[in-house]
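Mapping of the sequence shown onto mature numbering (1 follows the signal peptide of the UniProt record, and there is no 0): residues -20 to -1, 1 to 437, in sequence order.
What follows is a short report on a single structure.
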Amino acid sequence: MRYLAGVAAMALFAASPAGADAVDDYVRTQMEAGHIPGIAVAVVRKGKVETVRSYGLANLEWNAPVGPDTRFQTASATKIFTGIALMRLVEAGKLRLDDTLDRFFPDAPASWREITILNLASHSSGLSEKLPEHKDNVADTLAAAMQAPLAYAPGTESRYGFTDFVVLRAVMEKVAGKDIAAIFRDEICTPLGLKDTGFNFERQGGPFRSSLPLPHRAAIHAWRDGEQRMSSFVYGETGYAAGGLHSSARDFAALFAALDRGELLRPESQKLLETPPLLKTGKPAGFGVGWTVGTYHGVKVVGHSGGPALADILHADAEGLTVIVLTNQQRYYPLLARGIADFYLPRPAAPKAVPDTKPELTALMREAMAEAAAGKLDRKRYAESALTGPVPFLEDYGQPLLAALGPVRRVTLVADTPGKDDHVRLYAIAFQNQSMTWRFGVDAAGRITDLHPPSDD
């Protein structure tokens, strides 16, 4: 890319990370393949900031380079801060995770007596995402949520949503006596000396958009139809517990170094933050206290991404490793944190193949993946159930994701689950730039029901 010419990576700390040159090569390869103008990377190991590195440009219009203090939009990775702030309020005795919502909202419907703070934070509350029409502010969103019937019984499922975190914000602000921005400031930023973290309070009024100025803010770009475009999404103030925070690689690094050293939360609070609660079904929820929880190559990893890849944070507690990646490319998939973690984590065992008794399914999977990579998805191949999940994902992010991964080098079938009405498979796929597991499914008629990389790998 022309705008990368002559822009070198800058190492900000003297410590040299394992395979630093290899990490640089990997990041630059992904920048080229993913059309990413600028990236900031930080690695924290066992409470020490090992490196903060900057690549490329924060703003193509001004030719401004990324630096350690460049403020990136973190989108849904804001929930990392929300989870920490919530646990700080718990430690201060302001509330408990098992408190039910009627404690804070006496006029709430009877169904809210079963919803706990932990349900909100782990996306298992049952609150609906389909609310009656209302003004876009916290109070009116809260009132609308009270009017809407529950989508499911609290604590029986885990569904990622927005309403949970607006209601959670209302609770946190009520017990703290201040707004969410002030909670973040007083509970996290001021104690740690974070200088680059905050909201820009962007607002849309008719055709006019305004925001507070943020020094060193990265512009967001989106690669579409063979050209780079400036991109903008208004993260409304109502959702500030869910998304919209700007921060830098150096601030995120300082945050996770402090967490590693136990300077911000007690060990038991940190454990709760990273542990998905059990649902009433006996299965774990998909989230901890605001944080995503999964496995990568057999290692438990937590954190969050946002935008979907404006921020990509991976923390492997058992390994004492945190990888922080911030970018300004909106049309990209969160690959980089795991890709960089590969240089630090133990190398996983080679995937164990299972017999492929239906090679025609593997051929269909490869054809569908090739179409997605070319941006020419054939919707006729897909079942109706796929039109609200896998198909939109592949149409929006299939091409940039597969371009970043590079050509397929090897496909290994690692799980094969035929059923009466469907057939689900897992493939370990070695691409040129990175290896990933992909889930693939077809229905009884041979139409594709699923094609995506699962969160656990």
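The beta-carbon is built from N, C-alpha and C at its ideal position, and this holds for glycine as well.
For V391, same chain residues with a beta-carbon under 6 angstroms away, outside a window of 5 residues either side, are Y407, I409 in chain order.
In the three-state scheme derived from DSSP, where H, G and I count as helix and E and B as strand, E340 is classed as helix.
Note on geometry: alpha-carbon atoms of P326 and K154 lie some 45 angstroms from one another. Nearest in C-alpha terms to A38, of all of A65, P398, H196, is H196.
Note on K26: under 16 other CB atoms within 10 angstroms of its CB, so exposed under the neighbour-count rule. Inclusion of L393 and A353 in the CB contact set at 7 angstroms is not warranted, their separation being larger than that value. A direct Cα-Cα distance of roughly 14 angstroms separates F142 from D120. Per DSSP, Q208 lies in no alpha helix (DSSP H); the unbroken beta strand (DSSP E) holding it starts and ends at 207 to 210.
The stretch 268 to 340 contains, as complete alpha helix (DSSP H) runs of 4+ residues, the segments 316 to 321 (chain order). Beta-bridge partners assigned by DSSP to V32: A22. Counting only the Cα atoms, Q412 lies some 5 angstroms from P387. DSSP places A395 in the strand class (E or B) of the three-state scheme. The beta carbon of T255 sits closer than 6 angstroms to those of G268, all from its chain and outside the five residues before and after it, given in chain order. Per DSSP, the beta-bridge partners of H201 are M210, Q309.
Straight-line measurement puts the Cα of K400 at about 49 angstroms from the Cα of L69. Residue burial is scored here from C-beta neighbours: G18 has at least 16 other C-beta atoms within 10 angstroms and is therefore classed as buried. Following the DSSP letters along the chain, one finds T429 in no alpha helix (DSSP H) but inside the beta strand (DSSP E) bounded by residues 428 to 432. In this chain, the beta strand (DSSP E) harbouring L406 covers 402 to 411.
The closest CA to that of P434, considering only T272, A343, A384, T302, is found on T272. Of K28, V29, R33, V24, the smallest CA-CA separation from D5 is found for R33. It is roughly 18 angstroms from the alpha-carbon of T62 to the alpha-carbon of G173.
By the C-beta density criterion, R311 is buried, having at least 16 other C-beta atoms within 10 angstroms. As summarised for the stretch 110 to 139, the continuous alpha helix (DSSP H) elements at least 4 residues long and confined to that stretch are 118 to 127, given in chain order. Taking C-beta atoms as the reference points, S228 and D49 count as a pair closer than 7 angstroms. Under the DSSP definition of a beta bridge, W418 partners with Y407.
Residue pairing for L37: DSSP places it in a beta bridge opposite P45. The residue from L315, L253, V422, S365 with its alpha-carbon nearest to that of A65 is L253. In terms of Cβ geometry, A265 and S104 form a close pair [threshold 7 angstroms]. Look at the beta carbons and you see the stretch 335 to 344 not touching the stretch 79 to 96: under three pairs across the two are nearer than 8 angstroms. For G185, the enclosing beta strand (DSSP E) starts and ends at 183 to 185. 7 angstroms or more divides the Cβ of Y132 from the Cβ of G157.
Per DSSP, the continuous beta strand (DSSP E) segment holding S190 begins and ends at 188 to 190.
CA-CA distance, T307 to A90, rounds to 44 angstroms.
CA-CA distance, P328 to K115, rounds to 50 angstroms. Per DSSP, the continuous alpha helix (DSSP H) segment holding T58 begins and ends at 58 to 71. The shortest C-alpha to C-alpha distance from P45 to any of A199, L244, A55, G421 is the one to A199.
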